[in-house]
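First the structure, in the form of structure tokens, and then the observations on it.
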Amino acid sequence: MTWLALGCTLLFIFITMFVSIWQKLGLEKDIAIGSARAALQLLAIGYVLHYIFRTDNILYLALIVLIMIVVASWNASQRGKDMKGIFWRIALSITVMELFIMLFLIGLKIIEPTPQYIIPLSGMTVGNAMLVASLFTSHVRREAAASKGQIDTLLSLGASAGQALQGVRKRAVKFSMIPTIDSLKTVGLVQLPGMMTGMIIAGAEPVEAVRYQILILFAHAGSAAMTSMLLSAFYFRLLLTKDLTTRSFDNT
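Per our numbering, the very first residue in the sequence shown carries number 2; after that it's consecutive.
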């Protein structure tokens, strides 16, 4: 693809901005800023990855994955700014998930331990975990606020913190898993995922592309489940005060 052809795709952005202005939606600024940031970030990471793939330095590889985890954790933690220690809990959950997934794939020789495999797969799994953490954080706050009376009643009757919050945590885990489960149900029928489509466009055999896409889907499902369950274990103390009463959160 030439730079001129790529530039022509800006027409899609201009049309979207025009519709926003026409309908007075007020989204044109966000669309322009988001599009510019996306283009710059992708171009920058493209040149960085080009350098890393050529040097094959494990320190650069670790740094890239660490940056992914930090940025993803910070972004997801914005859903619960008033929850003390939320960033580190999310970061720990995503880190444990990332280590498990990568060690599993490399240990079974499903992928090669090279930047060409580890960085793209890490980006996909960490990005998926970020979405799960964001959804979990947002929903668990709403559930805790909505169930405050029930939780306090259970605690007053002698239930442990884990028992009182079991329903809240269960509903938050299920909610955070909805996009992943829906994607598994409809992939191949409603959508052709990005990795598979990219490989086919690049000239790979469709069956080979499908095998890699199944790998990604299963890794996504595993990373989503692991992240949400770890957060469920790490979060429940954040929902209660020291004297075991339900915290009040600003549900804005």
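Don't be surprised by glycine CBs; every beta carbon is placed ideally from N, CA and C.
In this text the structure is predicted, and so the values were computed from the model without any measurement.
For residue i, I'd like the list of residues in its chain whose CB is within less than 6 Å of its CB, leaving aside the five on either flank, ordered along the chain.
i      : result
MET227 : MET98
SER177 : VAL133, LEU136, PHE137 and SER229
HIS140 : ALA173 and PHE176
SER148 : VAL169
SER78  : ILE87, PHE88 and ILE91
If you drop the 5 nearest sequence neighbours on each side, which residues of the same chain put their C-beta closer than 7 Å to that of residue i?
i      : result
TYR61  : ILE53
ALA165 : ILE152, LEU155 and LEU156
GLU29  : MET18, SER21 and ILE22
MET84  : LEU239
ALA39  : none
LEU185 : LEU218 and ALA222
Would you grab the beta carbon distance between residue i and residue j for me? Rounded to a whole angstrom, and I think it's under 8 Å.
i      : j      : result
VAL66  : SER123 : 5 Å
THR126 : HIS221 : 7 Å
ALA225 : ALA130 : 7 Å
SER94  : LEU231 : 4 Å
ILE46  : LEU216 : The pair is not a contact, with the Cβ atoms about 22 Å apart (cut-off 8 Å).
ILE102 : GLY223 : 6 Å
ILE32  : ILE14  : 7 Å
ILE120 : LEU50  : 6 Å
In three-state terms, what does DSSP make of residue i?
i      : result
ASN252 : Here ASN252 scores only 49 on pLDDT, less than 50, and its place in the model should not be relied on; the value that follows carries that caveat. Of the three classes helix, strand and coil, the one that applies to ASN252 here is coil, per DSSP.
GLY108 : helix
SER21  : helix
ALA160 : coil
SER36  : helix
GLY8   : helix
GLY27  : coil
LEU166 : coil
THR3   : coil
SER229 : helix
SER135 : helix
Determine the closest residue to residue i out of the options, with distance taken between C-alpha atoms.
i      : options                           : result
ASP183 : GLY163, LEU158, LEU218 and ARG238 : LEU218
SER233 : PRO116, ALA162 and ILE119         : ALA162
PHE235 : LEU185, GLN167 and GLU206         : GLN167
ALA73  : GLY128, PRO180, HIS51 and ASP57   : GLY128
If I measure Cβ to Cβ from residue i and keep anything under 8 Å in the same chain, skipping five residues before and after, which residues do I get?
i      : result
GLN117 : PHE54
Discussion item. Which runs of the alpha helix (DSSP H) at least 4 residues long sit entirely within the segment 179 to 223? Give them in chain order.
Written reply: Segments of the alpha helix (DSSP H) lying fully in the segment 179 to 223: 195 to 202.
Practice prompt. Starting from the N-terminal side, write out each stretch of the beta strand (DSSP E) that is 3 residues or longer and does not extend beyond the segment 39 to 113.
Written response: Listed in chain order, there is nothing to give.
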